[in-house]
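Peer 1:
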Amino acid sequence: MNLEDLLSSRSAVVTLAQAASVFGVDVRTVTRAIENGDLPALRLGRRVLIPRLPLLAALGVRVDDALTEAHGANSEDR
Numbered sequence: 003m004n005l006e007d008l009l010s011s012r013s014a015v016v017t018l019a020q021a022a023s024v025f026g027v028d029v030r031t032v033t034r035a036i037e038n039g040d041l042p043a044l045r046l047g048r049r050v051l052i053p054r055l056p057l058l059a060a061l062g063v064r065v066d067d068a069l070t071e072a073h074g075a076n077s078e079d080r
């Protein structure tokens with residue numbers, strides 16, 4: 003997964019592996035960021051999921067831009 007995939011995604015969350023791929027770091031680095039409170043995450047049982055919009059914000063992407071991008075991609079699919 004890269005930033006373009008993340009922007010066009012319709013999913014509300016991403017996995018640790020997907021977030022690590024976007025950041026270009028190891029999964030353990032993302033896990034430490036979550037443990038340090040630098041990155042929000044949801045725990046569902048044993049799974050750790052990261053909300054997509056806060057992840058985009060951590061990458062410096064404005065949420066309004068991400069929503070506009072997603073709506074544009076959705077209207078092209080119709």
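In this text, residue positions in the sequence shown follow the numbering used here: the first is 3, and each later residue adds one.
Using N, Cα and C, we set each Cβ at its ideal position, and we do this for glycine too.
Every value quoted in this text rests on a predicted model; they were computed, and no experiment measured them.
1) Assuming residue 18 and residue 54 are in contact, meaning their beta carbons sit under 8 Å apart, how far apart are those beta carbons, in whole angstroms?
2) How many Å lie between residue 5 and residue 13 at the Cα?
3) Residue 61 lies in the beta strand (DSSP E); which residues open and close that run?
4) Output needed for residue 38: all residues of its chain with C-beta closer than 8 Å, excluding positions within five of it in sequence on either side, in chain order.
5) Compare the beta carbon distance of residue 21 and residue 52 with 7 Å and say whether it is the shorter of the two.
6) Quick one: Cα of residue 11 to Cα of residue 24, how far?
7) Give the straight-line distance between the Cα atoms of residue 59 and residue 16, rounded to the nearest whole angstrom.
Peer 2: Short version:
1) Wrong, their Cβ atoms sit about 13 Å apart, outside the cutoff.
2) 14 Å
3) Where residue 61 is concerned, there is no enclosing beta strand (DSSP E), given that its DSSP letter is neither H nor E.
4) none
5) yes
6) 13 Å
7) Residue 59 and residue 16: Cα-Cα distance of roughly 14 Å.
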